[in-house]
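Reviewing the structure listed below.
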Amino acid sequence: SQQGEEDPQALSIQEGENATMNCSYKTSINNLQWYRQNSGRGLVHLILIRSNEREKHSGRLRVTLDTSKKSSSLLITASRAADTASYFCATGTGTASKLTFGTGTRLQVTL
Amino acid sequence: EAEVAQSPRYKITEKSQAVAFWCDPISGHATLYWYRQILGQGPELLVQFQDESVVDDSQLPKDRFSAERLKGVDSTLKIQPAELGDSAMYLCASSFPRGHEQFFGPGTRLTVL
């Protein structure tokens, strides 16, 4: 079963613009992670935010977490064509490092 | 750079046949995961190993799926018999014990005809 739902399902922007993706989840979490998946490939870890953190940055990525609303957002600034991919949020619960993935946002960045 | 290896990359089989997928995790990663990803959806955990022991197989269809990690290193996922609905991407990932970041292999794309 999928814990999280990403919104929007698909996003198309031009190079240089910012892209914002949202994730909502249902149960209490230890951490929330974002992964990127290029078409037909495996997933690549982007960033992790713990349940006691509210914001985190990594390069052009900014992640926020609101545990009261059970939601997170991923902002990619100054997007590039190479950012074209599907982006998934994944929630970490319990002590066994188990992740539950959301449904994903397909991002298309055009020149 | 260390990577998770998977083979084959693509597999086409007929329904009722047996298929097997292989995964070699990053050296030192005691935790290994098998996921199934249906087109257009997120990965769904099938089974999680800690060394050679199964930690979670609650979503593994045990009537037809089996997974093993005999020596606590590489792992095999088997489907017998394959059904049309098994067509999907099968992803393997690994991580350090209690590590949060998972490292994924390139996946095996299974098509059942």
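Protein chains in written order, with my numbering: chain A, 393 to 503; chain B, 45 to 157.
We put the beta carbon where it would ideally sit given N, CA and C, even for glycine.
query	result
Those residues which DSSP pairs with Y77(B) across a bridge	Q92(B), A137(B)
Contact under 8 Å by Cβ, G434(A) with L89(B)	no
Interface partners of T485(A) on chain B, CB under 9 Å	Those do not exist, as T485(A) stays about 11 Å from chain B at its closest Cβ, beyond 9 Å.
Under 9 Å by beta carbon: chain B residues contacting Q425(A)	H144, E145, Q146
Rounded Cβ spacing between A402(A) and R498(A) (contact assumed at less than 8 Å)	5 Å
Minimum Cβ-Cβ distance from R433(A) to chain B less than 8 Å	yes
Straight-line gap, E127(B) to E447(A) (C-alpha atoms, nearest Å)	44 Å
Residue span of the beta strand (DSSP E) that contains H437(A), given as start and end	435-442
Chain-ordered residues of the segment 67-98 of chain B with a beta carbon less than 9 Å from chain E	The structure shown contains no chain E; its protein chains are A and B.
Residues bridged to Y54(B) [DSSP beta-bridge criterion]	R153(B)
For E398(A), the residue or residues it bridges with in DSSP	C415(A)
8 Å contact criterion, which L457(A) and S464(A) should meet: CB distance rounded	5 Å
Per-residue burial, A46(B) [other beta carbons within 10 Å of its own, 16 or more giving buried]	exposed
CB contact check: L440(A) to chain B, cutoff 8 Å	yes
Selected residue, minimal CA-CA separation from T155(B), among A74(B), R80(B), F148(B)	R80(B)
Cβ-Cβ separation, K122(B) to S139(B) (assumed contact under 8 Å), whole Å	About 23 Å; that fails the 8 Å criterion.
Whether N423(A) touches D399(A) by CB criterion (8 Å)	no
Minimum Cβ-Cβ distance from L135(B) to chain A less than 8 Å	yes
Candidates P105(B), K106(B), T120(B): closest to E112(B) by CA position	T120(B)
Residue range of the unbroken beta strand (DSSP E) whose run includes Q103(B)	Q103(B) -> no beta strand (DSSP E), and no H or E assigned at all.
Contacts of K490(A) in chain B (Cβ-Cβ under 9 Å)	Y77, L89, Q92, V99, D100
Unbroken beta strand (DSSP E) run spanning T492(A), endpoints	490-493
Whole-number beta carbon distance between L467(A) and Y479(A), since they are thought to touch under 8 Å	Actually they do not touch by this definition, with Cβ atoms about 11 Å apart.
Three-way DSSP call (helix, strand, coil) for D118(B) in this model	coil
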